[in-house]
């Protein structure tokens with residue numbers, strides 16, 4: 011199998027009843043317990059964490075960004091129906107690991123931006139209605155809902171594009187109308203986010219930002235301005251779907267040992283190593299967290315190094331309200 015081509019908040023719940031054999035933990039990935047398999051390439055380690063689910067971790071200098079990066083991904087083969095994907099909403103808010111443990115997951119990832127900037131539907135009910143046309147506390151137009159991670163009534167994941175407010179394709183009210191008009195029967199669960207990184211193999215995330223603007227000028231903008239938010243290197247979370255029905259949950263760390271990526275680097279990294287048909291950026295920065303069964307912290311199973319405690323450990327999680335879950 012060609013892993014380069016086959017390769018949430020999202021969580022993956024195990025339907026497999028047997029645990030994989032224990033291995034000595036990788037020095038860069040504490041707690042590794044899955045069966046080790048051939049890696050994607052130099053800098054990568056790969057392990058089976060459950061039937062039809064593989065955990066990949068990268069540590070090294072990435073040729074795309076030219077920087078040291080630490081990357082974590084889960085690739086779930088959905089073809090045999092061994093895993094169920096779910097979009098989970100928790101109120102009051104919890105950490106990613108709390109949602110992961112609550113739902114007995116094999117993997118979980120953070121999902122949503124602030125509630126006033128997104129549209130979310132859970133079990134057919136509107137939870138967040140894309141309330142604001144500007145980002146909270148700023149005059150920056152709300153750009154954070156141009157696409158959505160959806161689950162069909164049959165539980166199949168899809169990524170749908172509503173149009174970019176940033177690029178002038180639609181207005182926020184038009185985006186809101188698009189999401190409200192999605193069939194409740196066909197799409198009972200979905201959450202909006204931005205930017206769309208890959209659209210039917212087209213790496214649209216490469217051009218989300220205007221890279222002709224000098225970075226010194228970008229750094230004077232509001233932290234919520236999309237040019238700065240997506241141009242500057244930060245921790246990032248993403249969800250992707252491959253042509254052959256694999257789901258990928260992806261986190262790259264930043265602000266510590268790992269440099270982090272901008273939207274262009276994230277897009278090209280996903281294309282290079284996973285070749286997804288669709289990919290959507292999720293909330294990043296201090297929110298970026300990925301939990302994987304049997305990996306990372308032995309209690310929480312956080313595999314990356316969240317930054318909210320400013321320490322290089324697995325304890326710096328931020329509480330959130332929405333996650334993608336696979337069980």
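In the working numbering, the protein residues as written are 11 to 337. All C-beta atoms, glycine included, are put in the ideal place defined by N, C-alpha and C.
Bridge-paired residues (DSSP) for residue i
i	result
residue 73	Paired residues: none, contrary to the question.
residue 203	157
residue 256	87
residue 291	248
residue 97	334
residue 79	70
residue 284	BP columns for residue 284 are empty, so no partner.
residue 138	130
Proximity test, residue i beta-carbon vs the ligand SAM heavy atom, cut-off 7 Å
i	result
residue 260	This structure simply doesn't include the ligand SAM, nor any ligand for that matter.
Under 8 Å between C-beta atoms of residue i and residue j
i	j	result
residue 243	residue 269	yes
residue 292	residue 172	no
residue 157	residue 202	yes
residue 187	residue 153	no
residue 298	residue 316	yes
residue 236	residue 264	no
residue 92	residue 257	no
residue 116	residue 63	yes
residue 165	residue 95	yes
residue 80	residue 267	yes
residue 217	residue 288	no
residue 119	residue 261	yes
residue 167	residue 251	yes
residue 155	residue 141	no
residue 273	residue 170	no
residue 314	residue 82	yes
residue 307	residue 103	no
residue 132	residue 234	no
Nearest neighbour of residue i, chosen from the options [CA to CA]
i	options	result
residue 191	129, 241, 259 and 301	129
residue 241	146, 228, 72 and 232	228
residue 215	231, 187, 278 and 144	278
residue 301	322, 283, 312 and 64	312
residue 56	332, 288, 335 and 304	304
residue 275	323, 73 and 259	73
residue 123	290, 86, 282 and 222	290
residue 255	306, 82 and 90	90
residue 97	75, 327, 146 and 199	199
residue 283	66, 60 and 329	66
residue 318	60, 176, 119 and 105	105
residue 151	183, 110 and 195	183
residue 193	84, 174, 176 and 163	163
residue 160	306, 145 and 189	189
residue 232	149, 207 and 176	149
residue 176	196, 332 and 239	239
residue 329	271, 143, 71 and 107	107
Closer than 8 Å to chain D by CB, residue i
i	result
residue 117	This model lacks chain D altogether, as it is built from one protein chain only.
Simplified DSSP state of residue i, which is helix, strand or coil
i	result
residue 331	strand
residue 277	helix
residue 221	coil
residue 131	strand
residue 170	strand
residue 311	coil
residue 111	helix
residue 299	coil
residue 237	helix
residue 149	coil
residue 269	coil
residue 181	coil
residue 106	helix
Buried or exposed by the 16-neighbour rule on C-beta atoms within 10 Å, applied to residue i
i	result
residue 136	exposed
residue 45	exposed
residue 253	exposed
residue 224	exposed
residue 335	buried
residue 212	exposed
residue 309	exposed
residue 78	exposed
residue 320	exposed
residue 8	Shown here, the chain extends from 11 to 337; a query on residue 8 therefore has no answer.
residue 114	exposed
residue 220	exposed
residue 327	buried
residue 294	buried
residue 47	exposed
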